[in-house]
Every structure is written in structure tokens, then in C-alpha cells.
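Note sheet for the following structure.
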Amino acid sequence: MKEHITISQLAQLMNVSVHQLRYFEEKGVLYPSHTEENQYRMYGLHEIYQLSHILLLRKLNVPVDQIQECMTSYAADDYNQLLEHSLQKVQAEIANLKMHEQFIHKVLEEHNNRTQQDDEYQVKRLGPRHLKLWFALENGQELTAGNLFEHRPAPPRLFENDLHYLSDAGQAKLCYETADVADYILEEGNYLYKHLSVIEEPEIDYEIKQMERYVAHHQYNCQSKIVLVEKSYLSMFDNNKLQYEIQVKVE
DNA sequence: CTTCTGACA
DNA sequence: TGTCAGAA
């Protein structure tokens, strides 16, 4: 067994790129034990340990430029803080990924429900929903990029959420689901609903009138106003047509 | 065939 | 960070 290994061997051993090793040298954090006549860098056991140390600091999000001072002047306390910060960051990433996972589940689920159904009126049970008001549209006023921008900041993850339109005294209240303080609460219960795939805005008014007529004809006991829910994330499945669901709580 | 340097996206 | 050319 030889005493020293080449840069590519070190790279293989430690799962980093050759380029990265030269970069470390440029930044003054890892030097070869010596170089040969042909200018090849050679590394020994000591360099392997040192590289491990560097790679660990990298995992703790220490920028390469600061590793130098870090390795020379850091005490045990500093490393503790480093680990604490790193832990917090990892936990935040996990939280984000969990939300991402939930979102994917939601989209898959809703899409699967969609293809089975035939766009008829149906009844389903919905849990309570806490809605926060974003802003209101005056009657007849259409949603535009402009008024979305006017009312910034937009709710978090706008395009991943169900936007609820509550009609109220000639206004359309634009709401989104929230975990904390709610402006409106949609109670748990059975909801008559129907999916809408919409190309032009006026179709919505027509469908709402249709539902009112349907409800009257079947003598449902409506316990709330009609709610329009926009599911923008479903548009990708259907030729970019806007996807809505109209709902009304029934007995 | 491997590595080095330097440059560039 | 990866890639590429030209040289050793």
C-alpha cells in the first residue's frame, strides 16, 4: 500500500469532485501533503482527516471562505451554535417538504375524484373551514392581475390553495383557508356541490343560477349561501381551463 | 491515461 | 459547480 494518493483517488474516496478539491486549496483550507515532479498533488492520511473536517463544516452550511478561520479559531461553544443553527434549518426544510408532500397528495386526490365523476350535482361531507378575507370584488367586477397586485401581499402559496368566493351584499369576498384567526367560518356539514370547468367568466354566473334553480326544484333546505371555490392547481390537467367547485350547505 | 492551469457559463 | 482546451 502506498503512503499517498492522487487527487482523483481522494475525490473518489470522499465523494467530492476533483475540481472541489483544487477549489479548497485555492481557498487555503486543504493543501496536498506534497507535490511530485510532474506537479501532481499527493494526499496522505492527515489530509483525509482534514477533508472530513471541512466537509462536515460544509454540511453545517459554513461557506468555504470562512472554513479557514473556523478551523483555526473556533472553540467547542462555537461548534455547538453551529450545530444548533443547522438543526433549526433542517427542521424548517422538513416542515416545507411536509407541506409540499401534502399538496401533492391533495392534487392527486382531487384529480382522481375528478375523472371518475360526470360533473353532476353530488353531496359530500366537509369539515369546518376557517377562511380569511383577502379582499372584496364589487359586483360585476372581474378578477384581474391588477387587483391581485393592488391587494398584495397575496396569501401564502396562492396557487396551491383553494380560493373561496363568498357572495355578500353584491360583493364577492375573496378568501383563503387559514389556520389562525378566521373572518368567516364554513361549518362542517353536508354540501351539495358540482365541479365546473370554465372558459369564460360569465359561465360562472350561469352555473350559480343553475344551482339555485336545482336547489329550489329539489326542495333542499339550504343553510348557507352558495360558495364558489377556485382550484387553480387543477388547471394543468384540463387544457388550462379554470377549475371551480360550487358548494352550498344542505341539511 | 491522468493531472494541471486557467477560463468561462 | 461543472466543463473544456491545451500542455506537461
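Those letters in the first sequence? Residues 1 to 251, by the numbering used here.
All residues carry an ideal CB built from backbone N, CA and C; glycine is no exception.
The structure presented is a predicted model; accordingly, all values stated were derived computationally and were not measured.
Query: Please report how far the alpha carbon of Tyr-233 lies from the alpha carbon of Arg-152, in whole angstroms.; Result: 20 Å
Query: Pull up the CB-CB distance for Ala-154 and Leu-148, whole angstroms please, since I reckon it's below 8 Å.; Result: 7 Å
Query: Tell me the DSSP secondary structure of Arg-22 in three-state form.; Result: helix
Query: Could you tell me which residues DSSP puts in a beta bridge with Asp-78?; Result: Paired residue(s): none; Asp-78 is not in a bridge.
Query: DSSP puts Asp-260 in a beta bridge; with which residues?; Result: Here the chain has residues from 1 to 251 only, and residue 260 is not among them.
Query: Per the contact definition of three or more C-beta pairs closer than 8 Å, is the segment 194 to 202 in contact with the segment 216 to 224?; Result: no
Query: Among the residues of its own chain, which have a CB less than 7 Å from the CB of Cys-70, if the five just before and after it don't count?; Result: Leu-57 and Val-62
Query: When you compare only the Cα positions, how much space is there between Leu-242 and Gln-9?; Result: 56 Å
Query: Inspect the beta-carbon positions of Gln-247 and Leu-174 and report whether they are closer than 9 Å.; Result: no
Query: Quick one: grab the DSSP three-state call for Thr-6.; Result: strand
Query: Count Cβ pairs between the segment 38 to 58 and the segment 11 to 19 that sit closer than 8 Å; are there 3 or more?; Result: yes
Query: DSSP on Ala-136, reduced to helix/strand/coil?; Result: strand
Query: Between Asn-139 and the ligand MN, is there a pair consisting of the residue's CB and a ligand heavy atom that are separated by less than 8 Å?; Result: In the structure on display, the ligand MN does not appear, and there are no ligands present to speak of.
Query: Counting pairs of beta carbons, one from the segment 88 to 105 and one from the segment 115 to 127, are three or more of them closer than 8 Å?; Result: no
Query: Any idea if Pro-128 is buried or exposed, counting beta-carbon neighbours within 10 angstroms, 16 or more meaning buried?; Result: exposed
Query: Would you tell me roughly how many angstroms separate the C-alpha atoms of Val-18 and Leu-82, rounded to the nearest one?; Result: 27 Å
Query: Kindly list the residues whose CB is nearer than 6 Å to the CB of Leu-60, restricted to its own chain and excluding five residues on each side of it in sequence; keep chain order.; Result: Leu-82 and Ser-86
Query: Could you give the first and the last residue of the continuous alpha helix (DSSP H) run that contains Ile-208?; Result: 202 to 217
Query: Using DSSP with H/G/I as helix, E/B as strand and the rest coil, what is Ile-226?; Result: coil
Query: With burial defined as no fewer than 16 other Cβ atoms inside 10 Å of the residue's Cβ, what is the status of Lys-231: buried or exposed?; Result: buried
Query: Within a Cβ cutoff of 6 Å, which residues of the same chain sit near Leu-186, ignoring the five residues on either side of it in sequence?; Result: Arg-129
Query: In this structure, does DSSP put Ser-235 in helix, strand or coil?; Result: helix
Query: With a Cβ-Cβ cutoff of 9 Å, do Gln-68 and Val-29 count as a contact?; Result: yes
Query: Return helix, strand or coil for Ile-94, following the three-state DSSP convention.; Result: helix
Query: Buried or exposed: where does Leu-166 fall if 16 or more other Cβ atoms within 10 Å of its Cβ makes it buried?; Result: buried
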